[in-house]
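Residue numbers (the numbering used here): 8 to 384.
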């Protein structure tokens, strides 16, 4: 791992040095308030409801970071907005940049909790990886996100804000092209708020990202997967499988004990039947745990005949967790067995590992020593 210096957040994002304690109730944010409700708020104050669309345009298209910069609005309206709302609920605390140009943001919520999100860049592809919860309650043994359990769900506004902050790290002429909901938390446990955020992400008045460029990952909650399938959205579904049998999967993913692989696969098959969208199965390769030829053959048999895509992910190191990535020969053997079985697979590239931004490495907190040093820059 390369120890990179902390770099300031891009100049088009406000970066407070520390949260200001207050006993007052926080003002609502315009993104959680919603554009329709904002239009009614404007009408009650004798402003044209259409200004709500202008406000959202300033945020999503013109990258505004304050109401005062929205110069197409009257001064009186901007002043009233400042008195009545906050533009954003999340404050960037630390911004790191990997040697492969992956960006990671540590964001602080208004109740002083912390989440992380990531911008992955490859050629013209700009992928945002966002979180849905503060922490995670699924307990996957290899993942740093759940080390402290789950504290609360994020709001739809907090999720769309992550996208905005990441988008604002790109050049003015660039845009986000893809979203993967694979950050902190179990997306299906906060599905309603997530879908509300994604509705705005795909909207032409929002970020305008194509539905088929969005992937939602889940550890496997069958009832929620079916609920999601019934909506017939064109988002991709990724199931974090990680083992080909229940005994091993329960060891790696404790929530499997009350669910079982058969129920998860049945729900995934239902998703495919309802949407026609191929399901991705995520499989983190843990050295000496689930990476043998035996497990490869079991996985091939389990998924044979399904319209499936397998994403193999060599374990990314986490200091607090003792699991390791397999050696190159073990990975090569695993890949060969699956491919010889006719399965469609991908061996995921490691992106952002030197700043703990790769799969399984996102946490709730960054070392306070580093944060203090960052604020001195």
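Don't be surprised by glycine CBs; every beta carbon is placed ideally from N, CA and C.
Predicted, not measured: the structure shown is a model, and the values here were computed from it.
Mind reading off the beta-carbon distance from residue i to residue j? Whole number of angstroms is fine, and I expect it under 8 Å.
| i | j | result |
| --- | --- | --- |
| residue 106 | residue 185 | About 21 Å; that fails the 8 Å criterion. |
| residue 143 | residue 125 | With a Cβ gap of about 15 Å, residue 143 and residue 125 do not count as contacting. |
| residue 252 | residue 305 | 6 Å |
| residue 280 | residue 344 | In fact, because the Cβ distance is near 28 Å, the residues do not count as touching under 8 Å. |
| residue 218 | residue 241 | 4 Å |
If you follow the alpha helix (DSSP H) that residue i is part of, which residue opens it and which one closes it?
| i | result |
| --- | --- |
| residue 288 | Segment 286-292 is the beta strand (DSSP E) holding residue 288; no alpha helix (DSSP H) there. |
| residue 46 | 42-51 |
| residue 281 | 268-282 |
| residue 187 | From DSSP, residue 187 is part of no alpha helix (DSSP H) but of the beta strand (DSSP E) over 185-188. |
| residue 99 | Unbroken run through residue 99 is the beta strand (DSSP E), 98-104; no alpha helix (DSSP H). |
| residue 151 | Per DSSP, residue 151 belongs to no alpha helix (DSSP H) and is neither H nor E. |
| residue 209 | 198-209 |
| residue 260 | Residue 260 -> no alpha helix (DSSP H), and no H or E assigned at all. |
| residue 300 | 300-310 |
| residue 338 | 335-347 |
| residue 235 | 229-237 |
| residue 59 | 58-67 |
Can you tell me which residues form a DSSP beta bridge with residue i?
| i | result |
| --- | --- |
| residue 133 | 128 |
| residue 123 | 113 |
| residue 221 | 186 |
| residue 159 | 141 |
| residue 352 | 317 |
| residue 36 | 93 |
Mind checking whether residue i and residue j have CB atoms under 8 Å apart?
| i | j | result |
| --- | --- | --- |
| residue 156 | residue 261 | no |
| residue 49 | residue 58 | yes |
| residue 95 | residue 36 | yes |
| residue 91 | residue 34 | yes |
| residue 190 | residue 123 | yes |
| residue 291 | residue 149 | yes |
| residue 294 | residue 331 | yes |
| residue 223 | residue 244 | yes |
| residue 167 | residue 200 | no |
| residue 76 | residue 89 | no |
| residue 288 | residue 269 | no |
| residue 346 | residue 319 | no |
| residue 38 | residue 164 | yes |
| residue 317 | residue 310 | yes |
Over what stretch of residues does the beta strand (DSSP E) that includes residue i continue unbroken?
| i | result |
| --- | --- |
| residue 92 | Premise fails: residue 92 is in no beta strand (DSSP E) and is neither H nor E. |
| residue 246 | 243-247 |
| residue 316 | 315-321 |
Can you find a CB in chain D that lies within less than 8 Å of the CB of residue i?
| i | result |
| --- | --- |
| residue 199 | The question asks about chain D, but that chain is absent: this structure has only one protein chain. |
Is the number of C-beta pairs between the stretch 267-283 and the stretch 337-348 that are closer than 8 Å three or more? no
Should the stretch 180-197 be called in touch with the stretch 62-79, which here means at least 3 C-beta pairs below 8 Å? no
Should the stretch 227-235 be regarded as contacting the stretch 106-120, the criterion being three or more beta carbon pairs within less than 8 Å? no
The stretch 202-213 contacting the stretch 246-263, beta-carbon criterion three pairs below 8 Å: no
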